[in-house]
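Residue numbers for the sequence shown follow our numbering, so the first one is 792 and each next one is one higher. We put the beta carbon where it would ideally sit given N, CA and C, even for glycine. All values derive from a computational prediction rather than experimental measurement. These notes concern the structure reproduced below.
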Amino acid sequence: MKVYIEVDSEGQTCVTREPSDETVYGTFQAEYNRLRAAEETVAAVEGAREAGATDIIVRDAGFVRGHHPGGLFLMHERLPAGVRIALGSIKPAVRAAAGCDAAILLGKHAMAGVADGVMAHTGSSANTEAVWLNGERIGEIGLSAVSLGAMGIPIVMIAGDEAACREANQWIEDLELAAVKQGLNRHGAVSLHPSDGCALIRDRTCKALRRLHEFEPVRRDGPFELRTDYFTAEQADIKAAQSGAERIGERSAIRRAATAAELFRH
792 MKVYIEVDSE
802 GQTCVTREPS
812 DETVYGTFQA
822 EYNRLRAAEE
832 TVAAVEGARE
842 AGATDIIVRD
852 AGFVRGHHPG
862 GLFLMHERLP
872 AGVRIALGSI
882 KPAVRAAAGC
892 DAAILLGKHA
902 MAGVADGVMA
912 HTGSSANTEA
922 VWLNGERIGE
932 IGLSAVSLGA
942 MGIPIVMIAG
952 DEAACREANQ
962 WIEDLELAAV
972 KQGLNRHGAV
982 SLHPSDGCAL
992 IRDRTCKALR
1002 RLHEFEPVRR
1012 DGPFELRTDY
1022 FTAEQADIKA
1032 AQSGAERIGE
1042 RSAIRRAATA
1052 AELFRH
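What follows is the structure in C-alpha cells.
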C-alpha cells in the first residue's frame, strides 16, 4: 500500500502563532510549529505502517512567512527512515501523490473567513479573500479533495482544528478525523496535549487505512470555473498574470477548464 501524507503548518497541537514584532510570527513560534508538525508526521507514519503501508511519501507543504519558504518547513531529519520526502516547489501541488492508494492530510485549517478557524485562510492570508469552484465557496481541503480525486486518490484521514475537520466532513462522509484543537478565534485555541494529539493521529491513520476499501475519490464533473477574490485590485492583476487566469470584476480572477486535471495543472 502506497500512502501520501501531506503536511500543512497551521493545524498542529498547541500552535496558534500570535503575531510578533520580531518577524511575522517570531522565531520561537516558527521552530515550535516545525517540531509539532514533525512529531505529528511521525505519528501518522507509524499508524500507516501499522496498517500495512509499505511506501510512504511525505509532502512538505508547510510555510511560515518570514522564516521558511513553502515546501521547506518540516524537520526532515526527525521523520522515520524509509519514507520519501517531496519538498520544494511542486506544481501541481498534488503531483507527488501520483500512484498512491490513499491520502492523509495533516496540520489542516479551515477556509478563509471561518470565525473559529485557527489561522483560517485559503491559499494565502496575505492576498486571498475567498475562492469559489463553480459558484461554491471552497477552501484548501476541498481543493485537495477535488485535485486528488481527479487522480483517483481518496482522502481517508484529516488532522487539524475542529473547524478544519467540520469542513472536511462536507466533502467526504465518514472519513477518519483527528481534531487536535478547538479554535476560539484566529489566534486562540484549546488544544490537546502534544502527546495526546500524536496518539490520536496515529490511531486515526491506522483505522482509516484499514478501512481503505470503504473510501472513494471525490470526483467532480466539468466544466470548471475557479474564481479567486483578492483583497486588492493590484493583487488580482499580479496573480492573474502569473497564472494565466482571466481578470474579472474589481479584484477577482477566474480560470476555466474542461477537466479537474486541467484546472489544477498550475
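Who pairs with residue i in a beta bridge, going by DSSP?
{"i": "A877", "result": "R850"}
{"i": "I967", "result": "In the sequence as presented, Ile is not what sits at residue 967; that position holds Glu. Paired residues: M948."}
{"i": "G843", "result": "According to DSSP, which records beta bridges pairwise, G843 is partnered with nothing at all."}
{"i": "A980", "result": "G974"}
{"i": "I796", "result": "V849, I895"}
Can you tell me whether residue i is helix, strand or coil according to DSSP?
{"i": "D1020", "result": "strand"}
{"i": "F1015", "result": "strand"}
{"i": "A829", "result": "helix"}
{"i": "V836", "result": "helix"}
{"i": "R1010", "result": "coil"}
{"i": "S986", "result": "helix"}
{"i": "E813", "result": "Summary for E813: the model assigns pLDDT 47, below 50, so the residue's position carries little reliability, and this model does not support an answer."}
{"i": "L1069", "result": "Look at the range of the chain in this structure, 792 to 1057, and you will see that residue 1069 is not part of it."}
{"i": "R993", "result": "helix"}
{"i": "E801", "result": "coil"}
{"i": "A1044", "result": "strand"}
{"i": "R1038", "result": "strand"}
{"i": "K882", "result": "coil"}
{"i": "R1001", "result": "helix"}
{"i": "L1054", "result": "helix"}
{"i": "F864", "result": "coil"}
{"i": "A1031", "result": "helix"}
{"i": "R869", "result": "helix"}
{"i": "A888", "result": "helix"}
{"i": "T807", "result": "coil"}
{"i": "A903", "result": "coil"}
{"i": "A821", "result": "helix"}
Starting from the Cα of residue i, find the closest Cα among the options and give me that residue.
{"i": "R1018", "options": "G1035, K793, F1006", "result": "G1035"}
{"i": "A1024", "options": "I847, R1002, R1038, G1013", "result": "R1038"}
{"i": "G908", "options": "N976, R850, G873", "result": "N976"}
{"i": "I992", "options": "K972, H978, I944", "result": "K972"}
{"i": "T845", "options": "V1009, N918, A872", "result": "A872"}
{"i": "M942", "options": "A828, A821, L1054", "result": "L1054"}
{"i": "E830", "options": "G862, R869, A852", "result": "R869"}
{"i": "V1064", "options": "I944, L1003, A1027, R1002", "result": "Residue 1064 cannot be examined here, being either before or after the span of the chain that is shown, 792 to 1057."}
{"i": "W962", "options": "I949, T996, A970", "result": "I949"}
{"i": "V905", "options": "D994, V806, E953, C997", "result": "E953"}
{"i": "R995", "options": "T807, R827, E841", "result": "E841"}
{"i": "A821", "options": "L966, G853, K998, A980", "result": "G853"}
Check whether the Cβ of residue i lies closer than 8 angstroms to any Cβ atom in chain D.
{"i": "I881", "result": "Reference to chain D is not applicable here, since this structure consists of a single protein chain."}
Is the segment 794 to 807 touching the segment 893 to 905 in the sense that three or more CB pairs, one from each, lie closer than 8 angstroms? Cβ pair count under 8 angstroms is three or more, so yes.
Sequence ranges, beta strand (DSSP E) only - wholly within the segment 910 to 963, length at least 3: Within the segment 910 to 963, the complete beta strand (DSSP E) runs of at least 3 residues are 919 to 924, 946 to 952.
Answer yes if the segment 1025 to 1034 comes into contact with the segment 1005 to 1014, meaning at least three C-beta pairs across the two stretches below 8 angstroms, and no otherwise. Contact between the segment 1005 to 1014 and the segment 1025 to 1034 is not established, with fewer than three Cβ pairs separated by less than 8 angstroms.
Within 8 angstroms, do at least three Cβ pairs link the segment 982 to 1001 to the segment 912 to 929? At 8 angstroms Cβ cutoff, the stretches do not touch.
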